[in-house]
Amino acid sequence: MKKIAAIILYGAFATLMVHCSPKASKAISELPVESKEQIVAQYSPQQLESGKTIFMSSCNKCHKLKEPGSRTPEQWNKVLKRMIPKARLSDEDGKLVRAYLIANSKTAIDK
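See below:
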């Protein structure tokens, strides 16, 4: 009887963990990697500033912030697909953070 109760308990715990773990939203995970120029054309300076504010206040809670110029747009895109859900950012806030980081990222020439 104890074995059955333990199996049920572990099964319930595993189900809870799967359903409660953060997942990348489709809006974020399916975004194409845009160039700095494309981002600057799509987002206003105010939106990019909002992205910076969200980045500095949200990402700073768990780890030291990386400089936006430390990665290429492709690298930021890969990191953010994983980190936006962990930070529990809304799709809109995630897009603003992504825009800020890509707009200030390093280019292929900077490598």
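Going left to right, the sequence shown walks through residues -20 to -1, 1 to 91 as mature numbering (1 follows the signal peptide of the UniProt record, and there is no 0) numbers them. Don't be surprised by glycine CBs; every beta carbon is placed ideally from N, CA and C.
Pro65 and Cys39 have their C-alpha atoms spaced approximately 11 angstroms apart. When rounded, the separation of the alpha-carbon atoms in Ala83 and Lys46 is 14 angstroms. Scanning its chain for C-beta atoms nearer than 8 angstroms, with the 5 sequence neighbours on each side dropped, one finds around Val59 the residues Arg51, in chain order. Given a length threshold of 4 residues, each whole run of the alpha helix (DSSP H) inside the region 21 to 53 is given here in chain order: 25 to 38.
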